[in-house]
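Asks:
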Amino acid sequence: MIKKYLNFFLNLMLLLLIYSHSFSFENKSKIVSIVNGAPITTYDLDERLNIFLTESNLEKNANNKIKFKGAIINTLIEEELKFQEAERINPNLVFRAEKKAEDLLKLNFGPGQEKIEQNLINFGASYQHFLRLFTADLIWSSIIKSKYEKQFLKIEEEIKNKLNEFDLNFQKPHYKLSEIIVTRKNNTNIEKSNLLIKNIIQSLNNGANFHSLAKQFSSSESRNNNGSLGWIQKEKIPIEYLKEIETLKVGQISKLIETQNSYILLKLEGKIINGQRDKSETILELVKLIYPLQNFNENDINKAKIKLKKDLMAVKDCSQLKALHLNYGNKNEAESGKFQIFNLNEKIKKEVLFLDKNQKSEPTVANNSLVSLMVCDRYLPDITLRAKENIRKELEGKLFVQLSDRYINRLKRASYIEKFN
């Protein structure tokens, strides 16, 4: 009882100090949670929401932020507990992880600090916030793998068993699946789970990225692999799931499946029937040419289309299209990327679906410009399920999630955590 009141008194003093010494800052940022005396602020929350919404392909608006605020606060609480545990075990853990995190930021967003800062602007979060995010993942990986080293060493035997299990016979039907699972563990959890799954479904209907939502919110071990389950033989899929899966086209998401303890959403990302793969799984490598328009009346647009079509006739491959894009006065290089057909929006899909390699779409008007897309390549993705390293990654990921959840829940029970509206 004394310890409880002492904790309360210390946190009260912390709040008074923050308000008295940082009044001007608190006009902009308020405390949303305290974790063993360490504050989490609305500034932290807003930056993490911006990252999540950007990765999930959702608008960074107030409505979406309100939807996922509670779940993101829980993420930040867990992250703070990870830092505190690392400091308790060995302060050098944080230092070493931060150095590795800096290298990862350079690799993903660099090279150079200026380039990194520019690339992070799109996410609406600071360099320091990303550094903390990357560092948290690294220190936690180090802690879990060190503490449970013996359990990770046992994986080799499981890999041998899985290699036999995954010896696929593609003359039998197979489905490639990803999942989002939200559990309902107890009565106090049910209302939050209902609201979370409702927000996830609404976000998916608005074009959110399935894998980003799985990574952030799924209760399943597959969240460590962004919800991906890979290829599964038809006869190994539970009948209640199979009934729903067989109604889907590749790229579609199932209706909500309810079990006694969980809500489940499945995304069909490939299927093999009679040894044949679905063409919607095809990957297109695309380059986008932009022809800036000076005038926007119908007559000038038609003239610009005639000129662009004439110029495009001389273009034989994607490198030439990129050069033409720069010749039109564009400062940035032509956008390019790899996209599976089922992930393309309907408008773009209509433009490129039947194009072969090195063929171009008809110029269309978009954002005060004419746009043409070129297919640099098209192919079905490799099936790499039999690769030993992929199986090791999958098994290690599942084990990591199990042990991580157990560890973080133990830390939560032993901690003083307070949330504020």
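Going letter by letter, the sequence shown gives residues 584 to 1004 in the numbering used here. The beta-carbon is built from N, C-alpha and C at its ideal position, and this holds for glycine as well.
Let me confirm a value: residue 853 is counted as buried when at least 16 other C-beta atoms fall within 10 Å, else exposed. Which label applies?
Replies: Buried, since its Cβ has 16 or more Cβ neighbours within 10 Å.
Asks: Leaving aside the five residues before and after residue 978 along the sequence, list all residues of the same chain whose C-beta is less than 8 Å from its C-beta, in chain order.
Replies: Cβ neighbours of residue 978 beyond the five flanking positions: 738, 741, 742 and 745.
Asks: Please state the DSSP three-state secondary structure of residue 816.
Replies: The answer is strand: DSSP assigns residue 816 an E or B state.
Asks: Would you tell me roughly how many angstroms separate the C-alpha atoms of residue 649 and residue 892, rounded to the nearest one?
Replies: Computed Cα separation, rounded: 47 Å.
Asks: Could you tell me the alpha carbon to alpha carbon distance between residue 904 and residue 924, rounded to whole angstroms?
Replies: The straight-line gap from Cα to Cα measures roughly 21 Å.
Asks: Just to confirm, is the Cβ distance from residue 846 to residue 780 under 8 Å?
Replies: In contact: residue 846 and residue 780 (Cβ atoms closer than 8 Å).
Asks: Run through DSSP, which three-state label would residue 965 get?
Replies: Note: residue 965 maps to coil in three-state DSSP.
Asks: Could you compute how far the alpha carbon of residue 886 sits from the alpha carbon of residue 635?
Replies: If I take the Cα positions, the gap works out to 43 Å.
Asks: Could you give the first and the last residue of the continuous beta strand (DSSP E) run that contains residue 759?
Replies: Per DSSP, residue 759 belongs to the beta strand (DSSP E) from 757-766.
Asks: What are the uninterrupted segments assigned as beta strand (DSSP E) that are 3 or more residues long and contained completely in the region 864-924, given in chain order?
Replies: The qualifying runs are 866-875 and 918-923.
Asks: Between the C-alpha atoms of residue 982 and residue 799, what's the straight-line distance to the nearest angstrom?
Replies: Each residue's Cα considered, the two are about 18 Å apart.
Asks: Where does residue 652 sit, in a helix, a strand or coil, going by DSSP?
Replies: If DSSP states are grouped into helix, strand and coil, residue 652 belongs with the helices.
Asks: When you compare only the Cα positions, how much space is there between residue 632 and residue 622?
Replies: Roughly 17 Å between the two C-alpha positions.
Asks: Run through the DSSP bridge pairs and tell me what residue 953 is partnered with.
Replies: 874 and 948.
Asks: Between the region 871-888 and the region 910-928, do at least 3 Cβ pairs fall closer than 8 Å?
Replies: The answer is yes - the region 910-928 touches the region 871-888, with three or more Cβ pairs under 8 Å.
Asks: Using a threshold of 8 Å, state whether the C-beta atoms of residue 959 and residue 933 are closer than that.
Replies: Their beta carbons are not under 8 Å apart, which means residue 959 does not touch residue 933 by this criterion.
Asks: Would you report the Cα separation of residue 835 and residue 911, rounded to the nearest angstrom?
Replies: For residue 835 and residue 911, the distance between alpha carbons rounds to 38 Å.
Asks: For residue 829, name the three-state secondary structure that DSSP assigns.
Replies: In this structure, residue 829 counts as coil in the three-state DSSP scheme.
Asks: Between the beta-carbon of residue 793 and the beta-carbon of residue 850, is there less than 8 Å?
Replies: Against a cut-off of 8 Å, the Cβ pair of residue 850 and residue 793 comes out as a contact.
Asks: Rounded to whole angstroms, what's the CA-CA distance from residue 695 to residue 639? Just pull it up for me.
Replies: Between residue 695 and residue 639, the C-alpha separation is close to 26 Å.
Asks: With DSSP run on the structure shown, which of helix, strand or coil describes residue 842?
Replies: Of the three classes helix, strand and coil, the one that applies to residue 842 here is coil, per DSSP.
Asks: Beta-carbon separation of residue 664 and residue 615 under 8 Å?
Replies: Not closer than 8 Å, so no.
Asks: In three-state DSSP terms, what is residue 942?
Replies: It is coil, neither helix nor strand.
Asks: Measuring only the C-alpha atoms, how far is residue 963 from residue 733?
Replies: Taking the straight line from one Cα to the other gives about 39 Å.
Asks: Straight-line CA distance for residue 758 to residue 795?
Replies: Distance between the alpha carbons of residue 758 and residue 795: 21 Å.
Asks: Within 10 angstroms of the Cβ of residue 896, are there 16 or more other Cβ atoms? Answer buried if so, exposed if not.
Replies: So residue 896 ends up on the exposed side.
Asks: Go ahead and pull the three-state DSSP assignment for residue 803.
Replies: It is coil, neither helix nor strand.
Asks: Considering just the uninterrupted stretch of the alpha helix (DSSP H) at residue 684, what are its terminal residues?
Replies: Counting along the chain, the alpha helix (DSSP H) containing residue 684 begins and ends at 674-692.
Asks: Based on Cα-Cα distance, which residue from 671, 725, 812 and 706 lies nearest to residue 680?
Replies: The residue with the shortest Cα to Cα distance from residue 680 is 725.
Asks: On the criterion of 16 or more Cβ atoms from any shown chain inside 10 Å, does residue 806 qualify as buried, or is it exposed?
Replies: Classification of residue 806: buried, given that the 10 Å Cβ count is 16 or more.
Asks: So, for residue 706: in the same chain, excluding its five sequence neighbours on each side, which residues have a beta-carbon less than 7 Å away from its beta-carbon?
Replies: Excluding positions up to five away in sequence, the list reads 633, 634 and 637.
Asks: Over the uninterrupted alpha helix (DSSP H) stretch that includes residue 719, give me the two end residues.
Replies: Residue 719 -> alpha helix (DSSP H) spans 710-730.
Asks: Can you tell me the Cα-Cα spacing of residue 819 and residue 984, whole angstroms?
Replies: Between residue 819 and residue 984, the C-alpha separation is close to 23 Å.
Asks: Quick check on DSSP: helix, strand or coil for residue 1002?
Replies: Reduced to three states, the DSSP call for residue 1002 is strand.
Asks: For residue 861 and residue 756, I'd like the C-alpha separation in whole angstroms.
Replies: Near 12 Å, if we compare the C-alpha coordinates of residue 756 and residue 861.
Asks: On a CA-only basis, which of 822, 814 and 980 is nearest residue 965? Give me that one, please.
Replies: Selected option, being the one with the closest Cα: 814.
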